[in-house]
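Here the sequence shown is numbered in numbering that gives the first Met the number 0, starting from 0 and rising by one per residue.
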Amino acid sequence: MNPNSQKGAPQQRFSTSTLAGEEIVPWLAAEGELAYSPSSPPERDYFFQYSWVIPGIFAPDTNRRRHFWFGAAIRDTAEVKLLFRFWNRARRGDIDTLYVANGAVNPNANLTAPLAAYRHQDDHSCFGSNDHLLLMQHGSYYIGDIQCQPIIDRGELILYRGAQNEKTVRLYRLTDDAKRGRLMRRSCPKPRGLRHLIQRRSLQSAPVRNRSI
Numbered sequence: 000m001n002p003n004s005q006k007g008a009p010q011q012r013f014s015t016s017t018l019a020g021e022e023i024v025p026w027l028a029a030e031g032e033l034a035y036s037p038s039s040p041p042e043r044d045y046f047f048q049y050s051w052v053i054p055g056i057f058a059p060d061t062n063r064r065r066h067f068w069f070g071a072a073i074r075d076t077a078e079v080k081l082l083f084r085f086w087n088r089a090r091r092g093d094i095d096t097l098y099v100a101n102g103a104v105n106p107n108a109n110l111t112a113p114l115a116a117y118r119h120q121d122d123h124s125c126f127g128s129n130d131h132l133l134l135m136q137h138g139s140y141y142i143g144d145i146q147c148q149p150i151i152d153r154g155e156l157i158l159y160r161g162a163q164n165e166k167t168v169r170l171y172r173l174t175d176d177a178k179r180g181r182l183m184r185r186s187c188p189k190p191r192g193l194r195h196l197i198q199r200r201s202l203q204s205a206p207v208r209n210r211s212i
């Protein structure tokens, strides 16, 4: 039985294949309506409403009649507003490209992942700095401080992890199974599309340099 024919299964409206020959594009699709990019943005906001254009990314119990702009359940958030401003600028041709590269799937070559990186200056931001880094990969976004990624224009991503040089750290102990279960459920939500592209090793299109900063 075709799983898409089951009751309640999302219907695929557009192609979401990111393969272009032996390469992988960083956009939602390699061709078709979802192949938009900042250099070729969509004319309508319709394509940012993920529960319409890519309903299959949501959990089966999600009410896909709701609007999930860029995959987020609430439109009136700082992240979603910033993304709308970024794409509205892109429609005017006002983009600052730092790095864009397709990934490679050639079995005889090094495996690389697609990545698109942009600088976005936003006077309305409430993130502290108005100079932002936007990483894009297959419809997911990472919004961060551009100063934390000084070599992103070379396709190299710096990963921050661990206690680094801190002299004092907090150690939380989970004293019972109930608390441990609640924490794990909160820490491991099902992906909703927006900002789950956060410092994973698959982000880079070039080898990652692990640095202690």
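Note that CB positions come from ideal geometry on N, CA and C, so glycine has one too.
For TYR140, the enclosing beta strand (DSSP E) has its first and last residue at 139 to 144. Secondary structure of ASP152 (DSSP, three-state): helix.
If you draw a 10 Å sphere on the C-beta of GLN120, you find fewer than 16 other C-beta atoms in it, and that means exposed.
Contact between LEU114 and PRO25 is confirmed by a C-beta separation of about 6 angstroms, below the 8 angstroms threshold.
GLU30 has its alpha-carbon roughly 21 angstroms from the corresponding atom of GLY70. Taking a C-beta distance under 7 angstroms as the contact criterion, ILE151 and ASP130 do not qualify as a contact pair.
Counting only residues of its own chain and dropping the five nearest sequence neighbours on each side, LEU97 has a CB closer than 7 angstroms to the CB of ALA116, TYR117, ARG118, ILE151 and ASP152. When DSSP reads this structure, HIS131 sits in a beta bridge with HIS119 and ASP144. Our two residues, ARG90 and PRO41, have alpha carbons roughly 8 angstroms apart in a direct line.
The DSSP assignment places 49 to 52 and 77 to 90 as complete runs of the alpha helix (DSSP H) inside the segment 38 to 90, in order along the chain (cut-off: 4 residues). Taking the Cβ atoms as the reference, SER38 lies roughly 29 angstroms from ILE73, outside the contact range of under 8 angstroms.
Bridge partners of THR15 according to DSSP: none are assigned.
Under the DSSP assignment, ASP95 falls in the beta strand (DSSP E) whose first and last residues are 95 to 100. Using a Cβ distance threshold of 7 angstroms, ASN101 and GLU155 do not count as a contacting pair.
With 16 or more neighbouring CB atoms inside 10 Å of its own CB, GLN136 falls in the buried class.
Distances from the alpha-carbon of CYS147 to those of LEU158, VAL52 and SER139 put LEU158 closest. According to DSSP, residue pairing for GLU32 in a beta bridge does not occur.
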